[in-house]
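Engineer: Here it is, the structure, as structure tokens.
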Amino acid sequence: MLKQYLKQSDPDVYDILVREDRRQDENLEMIASENFVSRSVLEAYSSTLTNKYAEGYPGKRYYNGCEHADSIESLAIERAKKLFGAEYANVQPHSGAQANMAVFLGFLQPGDTFLGMDLNHGGHLSHGSRVNFSGRYFNVVSYGVRQDDQRIDYDAVHSLAKEHKPKLMIAGFSAYPRELDFARFREIADEVGAILMADIAHIAGLVAVGEHPTSINVAHITTTTTHKTLRGPRGGLILSNTEEHNKLMNSRVFPGTQGGPLMHVIAAKAVAFGEALQADYRTYIKQVKVNANVLAETFMERGFSVVSGGTDNHLVLLDVMSRGVTGAVAADELHAVGITANKNAIPFDTQPPAVASGVRFGSPALTTRGLGADEFRRVGHLICDLLENIEDSKAREQVQAGVRELAQKFPMDRFRLD
Ligand SMILES: Cc1ncc(COP(=O)(O)O)c(C=O)c1O
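Numbering-wise (the working numbering), the sequence shown opens with residue 7 and increments by one.
See below:
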């Protein structure tokens, strides 16, 4: 059993994995938080480091046999520091939410107040949702965007900070298509004596190559996922500027919130950071931005309303309700023709979250797949064609054929292990 290939040993699992490969191949992936890792990242992810327990940090482990675990974690740390220009890095968080939890536990006591972006205006679950640890155990005060231009209202953030005196402020989002002004957040944080955490999960790749202003040395702590624009394995990362904060974060990750690190994932993070340090990656990120912009422009040319009137980053929030379709219906209809995206609340949404008025689209995955501006324009038109003709089966067939044609033109087999 131990020597067999999966295909022979467990055809049930094998078949499901093959079907997932096919799904990724045949559909156009436009979920803004997803990407396709390289073959090399996948190889490191599938390595025997998954067998190793390495509680602790390089040079200070609880188990023996960690010499190679030490080497790989040290390399990942060095590459993360270089990539972001940070003094310190912790590469162990299993996920973005775990990274955020470590920060909360480092700077807050249960019941303490923090300021985060409202989930309905683009914030993340771990920035204070009632159903998440952040909203259950801490007192959240939320900020949002202005109604007229749908951009963050920094004056309101300032007023809320002065009124509620949060111990922690979060600058970060899951669905905000505009640049963040980390310096303004820091100014406000300093005025009220708060720690500023930047959660750059979505824009990490843009920050790494200078295509979005950096949070490093502006925020006290930066957290991120490694699997979105950064194009690494699923996981989290914490970056800090001082030894004191690094020590605090290390202790809150392990033993604070986690046990043994996922060493195979850390190996894959090291590979992804190495890739992101190469010139090709900068070209990729520039194209990610161009493609998102083309998508937003196409939607607007076709008369659709785009939240905030465009995008500065990798994501576009389309207000489908303005054309009489709910986010839930739009996302399901798109899925049916092979375009994968998610329904999303838009600011001041009149629909409940499970229905929503918007659909969030991202350019990172399809850009990795090789689609350029012309193809994104085509995808934008296909999306509009569908949403304008939801009841028309002929139109749907045409959209589906267009999706299939594009997917076949950019095959996915190069992203797989043999
Ligand atoms: C801003 C932000 N922070 C944190 C996370 C959580 O990351 P994970 O799903 O790895 O826990 C996400 C995920 O979408 C996110 O968008």
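Using N, Cα and C, we set each Cβ at its ideal position, and we do this for glycine too. These numbers were taken from a predicted model, which means no experiment stands behind them.
Looking at the unbroken alpha helix (DSSP H) that takes in K426, where does it start and where does it end?
Structural biologist: Only positions 7 to 424 of the chain appear in the structure, and residue 426 is not among them; the question remains open.
Engineer: Residues around ligand 1, please: the condition is that the C-beta lies closer than 5 Å to some non-hydrogen atom of it.
Structural biologist: So the residues near ligand 1 by this Cβ test are S39, S101, G102, A103, H130, G178, S180, D205, A207, T231.
Engineer: Measure the C-alpha to C-alpha separation of F90 and R28 and round it to an integer number of angstroms.
Structural biologist: Between F90 and R28, the C-alpha separation is close to 35 Å.
Engineer: Can you say whether D380 is buried or exposed, counting buried as having 16 or more other CB atoms within 10 angstroms of its CB?
Structural biologist: D380 is exposed by the Cβ-count criterion.
Engineer: With a threshold of 16 other CB atoms inside 10 Å of the CB of Y11, please say whether the residue is buried or exposed.
Structural biologist: Exposed.
Engineer: Does the pairing of the stretch 60-68 with the stretch 78-94 give three or more beta-carbon distances under 8 Å?
Structural biologist: Enough Cβ pairs lie closer than 8 Å, so yes.
Engineer: Would the beta-carbon of F42 fall within 8 Å of that of T289?
Structural biologist: Taking 8 Å as the Cβ cut-off, F42 and T289 do not qualify as a contacting pair.
Engineer: Helix or strand or just coil, what does DSSP make of I158?
Structural biologist: Three-state result, I158: strand.
Engineer: Straight-line CA distance for I194 to F144?
Structural biologist: Roughly 20 Å between the two C-alpha positions.
Engineer: Taking the alpha-carbon positions, what's the V335 to T235 distance?
Structural biologist: C-alpha separation (whole angstroms): 27 Å.
Engineer: Which term fits I22, buried or exposed, when burial requires 16 or more other beta carbons within 10 angstroms of its beta carbon?
Structural biologist: The residue is exposed, with fewer than 16 neighbouring Cβ atoms inside 10 Å.
Engineer: At a Cβ threshold of 8 Å, is L283 touching chain C?
Structural biologist: Absent from the structure is chain C; it holds one protein chain and no more.
Engineer: Identify whether K66 lies in helix, strand or coil by the three-state DSSP scheme.
Structural biologist: In this structure, K66 counts as strand in the three-state DSSP scheme.
Engineer: I272 and Q98 - do their beta-carbons sit closer together than 8 Å?
Structural biologist: For Q98 and I272, yes; Cβs fall inside 8 Å.
Engineer: Between which two residues does the beta strand (DSSP E) containing M418 stretch?
Structural biologist: Here M418 belongs to no beta strand (DSSP E), and DSSP marks it neither H nor E.
Engineer: Exposed or buried, what is L400 when buried is set at 16 or more other beta-carbons lying within 10 Å of its beta-carbon?
Structural biologist: In the sequence as displayed, the identity of residue 400 is Lys instead of Leu. Exposed, since its Cβ has fewer than 16 Cβ neighbours within 10 Å.
Engineer: Within 10 angstroms of the Cβ of L8, are there 16 or more other Cβ atoms? Answer buried if so, exposed if not.
Structural biologist: Exposed is the call here.
Engineer: In this structure, how does DSSP classify Y94 when only helix, strand and coil are distinguished?
Structural biologist: Correct three-state label for Y94: strand.
Engineer: Closer than 8 Å by C-beta to T56: which residues in its own chain qualify, once you throw out the five before and the five after it? Chain order, please.
Structural biologist: L268, M269, H270, listed in sequence order.
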